[in-house]
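What follows is one structure encoded as structure tokens, with my remarks underneath.
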Amino acid sequence: MDLLDRIRARDTRATARALTLVENGDEPMLAALDAAHAALPHPERIGVTGPPGAGKSTLTSALIKHLRGAGKRVGVVAVDPSSPFSGGALLGDRLRMTEHALDPDVFVRSMASRGRFGGLAIGAHDACDVLALAGFDPVIVETVGVGQSEVDIARLADTTVVVLTPSAGDSVQALKAGIMEIADVVAINKADQPGAARLEEDVREALELRPHGAGPHWQPPVVRSVATKGEGVAALADAIAQHRAFLEANNVMSQVRATRAKARLVDLAGEALLKAVSASPLFERVSGQVSAGTLSPRAAVSELLRTLGV
Ligand SMILES: Nc1nc2c(ncn2[C@@H]2O[C@H](COP(=O)(O)OP(=O)(O)O)[C@@H](O)[C@H]2O)c(=O)[nH]1
Ligand SMILES: [Mg+2]
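Be aware that the sequence shown starts at 403, since it is given in this note's numbering, and climbs by one per residue.
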């Protein structure tokens, strides 16, 4: 039986193996996934993002527990683009979710975004597909909301949960980072700490200022939680389900998927082009000239593209 069949048969070791292959950009594995593309299941995808230490992993673990109670099989991909080398946060993600380690209906995979040209989105997307094939639904993607990654996660997920905490500076920081723009649901975690009410007020205000686009309007719910005690988790699950219902009722789901597929095409095209360009023998020469200052970077790119026939 080939690897994909074993994954479909919910063989945990096969799933783990496939995720490793995907993470390493293994060509035969990716080709097998591509061949299965049209028949891939589309589980609900939930993104969980926010600053480091906000309690994303703890909240995810509590959410898993809640969803397991509802009979769901839950897959998790935890990506940490902020510390590709230390592995510290990845270990933290796993530690937070150990209570589910022996449950065959929960699969948690931590990955760093190192090693692939396109960063977070490309590898995480493939990992989601593997978990989809293994019958996990929903698939939760946890990422640290730093820089580009929050935009990436908004593309990966049907519903994006932004996790904030009352600790100093979070509110201002979140607004600045544009995290509010991608939130479908906001969780104010660590609501057991002072300042939760104030933060909730700030967040609601910021959400009201969001520009309304054309089409049906979704007003993101704000939920207070204490992840360590499981408080507010049912309300969070409810808010996520409401957003899901909104997407389905307004026919937005197919649009979300189409936008995602297009964004993925752009990501992969960028990755392939970058690979091709940097593998070209001309690359070495022009990069020498660029370093020496005798050729402008833009002129170098034009020359490379001409050589590649693009
Ligand atoms: N007081 C309090 N601590 C929390 C809460 N949720 C998480 N924590 C703690 O915050 C720390 C960071 O949690 P973690 O889930 O690893 O955060 P992440 O980096 O966002 O994934 C851990 O020590 C958690 O026990 C909460 O609701 N209240
Ligand atoms: Mg974490």
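Just so it is clear, CB atoms sit at the ideal spot from N, CA and C, and this is done for glycine as well.
- Taking C-beta atoms as the reference points, Ala480 and Ser512 count as a pair closer than 7 Å.
- With contacts defined as CB atoms closer than 7 Å, Asn591 and Ala464 fail to qualify as a contacting pair.
- When rounded, the separation of the alpha-carbon atoms in Leu461 and Leu423 is 28 Å.
- No Cβ-Cβ contact shorter than 7 Å links Ile409 with Ala418.
- Residue nearest to Thr630 within the set Asp531, Ala434, Arg498 is Arg498 (criterion: CA-CA distance).
- The residues Arg557, in chain order, have a CB closer than 7 Å to that of Ala665 in the same chain once the five nearest residues on each side in sequence are set aside.
- A Cβ-Cβ separation of about 7 Å places Leu406 in contact with Leu535 under the 8 Å criterion.
- Here the C-alpha atom of Leu566 lies approximately 28 Å from the C-alpha atom of Asp528.
- When Cβ pairs closer than 8 Å are counted between the two stretches, the region 635-651 is seen to touch the region 615-627, the count reaching three or more.
- With a threshold of 6 Å, the Cβ atom of Ala641 does not count as near ligand 1, since no heavy atom of the ligand is closer than that.
- Judged by beta-carbon spacing, Val543 lies beyond the 7 Å limit of Val508, meaning their Cβ atoms are not closer than that value.
- For Ser463, the shortest C-beta to heavy atom distance toward ligand 2 is 6 Å or greater.
- For His468, the closest of Ala411, Ala514, Glu633 by C-alpha to C-alpha distance is Glu633.
- Within its own chain, the residues whose Cβ lies closer than 6 Å to the Cβ of Lys458, once the five positions on either side in sequence are excluded, are Val450, Gly452, Glu544, Val565, listed in chain order.
- Boundaries of the alpha helix (DSSP H) harbouring Phe685: 683-694, taken from the DSSP string.
- In this structure Ala585 is in contact with Thr562, their Cβ atoms being roughly 6 Å apart against a cut-off of 8 Å.
- Counting other Cβ atoms within 10 Å of its Cβ, Gly471 stays below 16 and is therefore classed as exposed.
- Annotation for Arg511: the continuous beta strand (DSSP E) segment containing it runs 508-514.
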